[in-house]
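Everything on this sheet refers to the single structure shown next.
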Amino acid sequence: NLWRKTYAYEASARVPFIVKAPPSIEAKRNREIDHLVGWEDIMPTFLDIAGAPIPDTVEGKSILPLLRGEEDNWRTHYHGEHAPCYHPENANQFLTDQKWKYIWNPITGDEQLFDLKSDPNECHDLSQDPNHSQTLSQWHKRLAQQLKDRVENLSDGKTLTPGKVPAWVGGDTEDVHLG
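With our numbering as the guide, the letters of the sequence shown map in order to residues 15 to 193.
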């Protein structure tokens, strides 16, 4: 039960991103790049290949520098999210750096913390383990910072605030006041 497109667990969130660069792109061939990339990186990559400007509003990044072996200044962590669709428990915001993964439910406020190096299958949630309270707090703060400017009002930049979007918890969409 650790897979479903809506979950942040590795079984569904960690998928291969396979690229065959056109000959016109000076890219290193036949290699594995172990960096955090996501769907939001596809469009800016295509724009970059076409020589078109990438709008400032785009959240993703072109992966062409990675393909060329220019791996400096790449993201240190990846933020993913899913709104509730079947049930509020499906909502999640998550961060990972490939060593740790922090998952937060914006409806319930539930947190999970996984050490991906020692527990790659995410079977042991460390969020309630007192030995990992400092790590949990660091990841909580990191996600709060990540979400601070979002219109859903899920964070003030220091702490996460669950349950602030009425439409997510069965309220009327007329009650949603974003921003």
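Beta carbons: idealized from backbone N, C-alpha and C, even for Gly. Keep in mind that this is a model prediction, so the values were computed, not measured.
{"Query": "Extent of the continuous alpha helix (DSSP H) run through H154", "Result": "S147 to L161"}
{"Query": "Other residues of its chain near G193: CB distance less than 6 Å, five sequence neighbours each side excluded", "Result": "Note that G193 scores a pLDDT of 40, beneath 50, so its modelled location is shaky and nothing firm can be said."}
{"Query": "Cutoff 9 Å: L150 Cβ touching any chain D Cβ", "Result": "You won't find chain D in this structure, because it holds only one protein chain."}
{"Query": "Distance between beta carbons of K162 and S169, contact taken as under 8 Å", "Result": "5 Å"}
{"Query": "Three-state secondary structure assigned by DSSP to W53", "Result": "helix"}
{"Query": "L140 - partner residues in DSSP beta bridges", "Result": "Per DSSP, none; premise fails for L140."}
{"Query": "Span separating the alpha-carbon of A22 from that of D133", "Result": "15 Å"}
{"Query": "CA-to-CA distance, Q160 to G171, given in whole angstroms", "Result": "7 Å"}
{"Query": "E24 versus P67: straight-line alpha-carbon distance, rounded", "Result": "33 Å"}
{"Query": "Residue span of the alpha helix (DSSP H) that contains L78, given as start and end", "Result": "L78 to L81"}
{"Query": "Touching by the beta-carbon criterion (3+ pairs, under 8 Å), the stretch 120-130 and the stretch 93-111", "Result": "yes"}
{"Query": "Cβ-Cβ distance between T195 and L140 below 9 Å", "Result": "Any property of residue 195 remains undetermined from this structure, which presents the chain solely from 15 to 193."}
{"Query": "Beta-bridge partners of W114, as assigned by DSSP", "Result": "D129"}
{"Query": "Run of the beta strand (DSSP E) containing E95, from where it starts to where it stops", "Result": "Y92 to H96"}
{"Query": "Cut-off 6 Å between Cβ atoms - residues of its own chain near V51, not counting five sequence neighbours on either side", "Result": "F31 and I77"}
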